[in-house]
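Each residue of the sequence shown is one higher than the last, beginning at 12 in our numbering. Here's the structure, in structure tokens; my notes come after.
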Amino acid sequence: MEQANWAGRTAESIMERTPKLYEDKGYHGKWSYDYGVVLKGFELLWRQTGERAYFQYIRDNMDAFIQEDGMIRGYRLDEYNIDHINNGKLLFVLYAETKQDKYKKAAELLGTQLQTHPRTSEGAFWHKQIYPYQIWLDGLYMGSPFYLEYLLTFEDGKGIGDVTKQFILCERHTKDDKTGLLFHAWDEKREQPWCDPETGLSANFWGRSLGWFVMALVDVLAILPKQHADYDEIVRILNDTLAAIRQFQDAESGVWYQVVDQGARKGNYLEASASSMFTYAMAKGIRLGALDESWRGTLDQAYRGLISEFVLETKEGWVNLNKNCQVAGLGGADKRDGTYAYYISEPIVTNDQKGLGAFLQACAEYEALPRP
Numbered sequence: 012m013e014q015a016n017w018a019g020r021t022a023e024s025i026m027e028r029t030p031k032l033y034e035d036k037g038y039h040g041k042w043s044y045d046y047g048v049v050l051k052g053f054e055l056l057w058r059q060t061g062e063r064a065y066f067q068y069i070r071d072n073m074d075a076f077i078q079e080d081g082m083i084r085g086y087r088l089d090e091y092n093i094d095h096i097n098n099g100k101l102l103f104v105l106y107a108e109t110k111q112d113k114y115k116k117a118a119e120l121l122g123t124q125l126q127t128h129p130r131t132s133e134g135a136f137w138h139k140q141i142y143p144y145q146i147w148l149d150g151l152y153m154g155s156p157f158y159l160e161y162l163l164t165f166e167d168g169k170g171i172g173d174v175t176k177q178f179i180l181c182e183r184h185t186k187d188d189k190t191g192l193l194f195h196a197w198d199e200k201r202e203q204p205w206c207d208p209e210t211g212l213s214a215n216f217w218g219r220s221l222g223w224f225v226m227a228l229v230d231v232l233a234i235l236p237k238q239h240a241d242y243d244e245i246v247r248i249l250n251d252t253l254a255a256i257r258q259f260q261d262a263e264s265g266v267w268y269q270v271v272d273q274g275a276r277k278g279n280y281l282e283a284s285a286s287s288m289f290t291y292a293m294a295k296g297i298r299l300g301a302l303d304e305s306w307r308g309t310l311d312q313a314y315r316g317l318i319s320e321f322v323l324e325t326k327e328g329w330v331n332l333n334k335n336c337q338v339a340g341l342g343g344a345d346k347r348d349g350t351y352a353y354y355i356s357e358p359i360v361t362n363d364q365k366g367l368g369a370f371l372q373a374c375a376e377y378e379a380l381p382r383p
């Protein structure tokens, strides 16, 4: 199959449309985890191509928040929000390239949050202070890859078993015996209105939450020392989770539904961000050797499906990514109940940063993957 440069075109479109991610509609300059999803795509492309404009885009967007003393504008440690760790992943490349101390200090600030972050009785990070005793799949992406890179970079790799433990506990508590899929969240106290009072589990398999989980797995495997005691277990979790997800790949389009196991049920729709995340995880998993060659057919079908199902090019040549679920969560002020009706009710938008960032990462991984 011809290798189209969708990664480069998507990156150019993002830089043209939103030179400042934090000024995009609805963000109001907040320290939002969405930026990190986009900027990790730029980091990957920069590493592949050496194009300085990609690095500069990362630096410009991060410098809007990282102050000279290492403080982060709009960030509060005492909120204990795991989402607020995600953008910190860019601090490592910025520090390595510039040697500016502010990036190291900012990473240490986020590291302090994780060292003091509240946990379940077994040691899994709470999703947020306002969501106590809860593991959400999303949180594994937000916190764990940063945590591992932080320990490897600044702590000589001490305590990295605490990172792998997060995945092991998450899988143990959220996995469904019948499908092998993981439920969106688990409440250790079994008190939340959205959870099953016996199991503590939420009721549905949300595409993007599974996407966050498998992205986190491959991002951790990329830097976890192969001799680590849990390395093979993380590879197993990746294979098992993706094997469950593969069963629900839409045969016609090659992509996945918003509520993964519900197919063409009324109101369900093919969703871009989750489909991009699954594609990224498969491509990177193959590149790392964590997935075998039997995954290539599924991957090729998924990549083709992303382009045909979700991408629309404008006459200026800009890439638009359609059919992204804007947001979905559980509980909180608006009492999100985790039902099927809830997940299909959230707004469906074009060019959501989470979707664009995942699509950029998926294309960059897939398009650089050596052909067999």
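Heads up, the beta-carbon is just placed ideally off N, CA and C, and yes, glycines get one too. Bear in mind the structure is a predicted one, so any value in this text is a computation, not a measurement.
- Here residue 325 has 331 as same chain residues with Cβ atoms under 8 Å from its own Cβ, once five neighbours each way along the sequence are excluded.
- For residue 124, same chain residues with a beta-carbon under 6 Å away, outside a window of 5 residues either side, are 88 in chain order.
- Distance check between residue 121 and each of 83, 23, 318 places 83 closest, using alpha-carbon atoms only.
- Looking at the DSSP output, residue 268 shares a beta bridge with 281.
- Residue 335 has its alpha-carbon roughly 13 Å from the corresponding atom of residue 270.
- DSSP links residue 147 through a beta bridge to 196.
- By the neighbour-count definition (other C-beta atoms within 10 Å, threshold 16), residue 39 is an exposed residue.
- Secondary structure of residue 357 (DSSP, three-state): coil.
- Pairing residue 230 with residue 156, the inter-Cα distance amounts to about 6 Å.
- A buried status is given to residue 218, since no fewer than 16 other beta-carbon atoms sit within 10 Å of its beta-carbon.
- Looking from the CA of residue 313, the closest CA among 357, 377, 344, 342 belongs to 377.
- Bridge pairing for residue 324: 330 [DSSP].
- DSSP, reduced to helix, strand and coil, places residue 83 within a strand of the structure shown.
- Spanning the alpha carbons of residue 134 and residue 177 requires a straight line of approximately 8 Å.
- DSSP places residue 92 in the strand class (E or B) of the three-state scheme.
- Counting along the chain, residue 69 sits inside the alpha helix (DSSP H) bounded by residues 63-74.
- Distance from the CA of residue 304 to the CA of residue 297, rounded to the nearest whole angstrom, comes to 7 Å.
- According to the DSSP assignment, residue 220 belongs to the alpha helix (DSSP H) that extends over 218-232.
- Between the beta-carbon of residue 288 and that of residue 339 there is about 14 Å, and that puts the pair past the 8 Å contact cut.
- An exposed status is given to residue 109, since fewer than 16 other beta-carbon atoms sit within 10 Å of its beta-carbon.
- For the pair residue 264 and residue 316, the CB atoms are nearer than the 8 Å cut-off.
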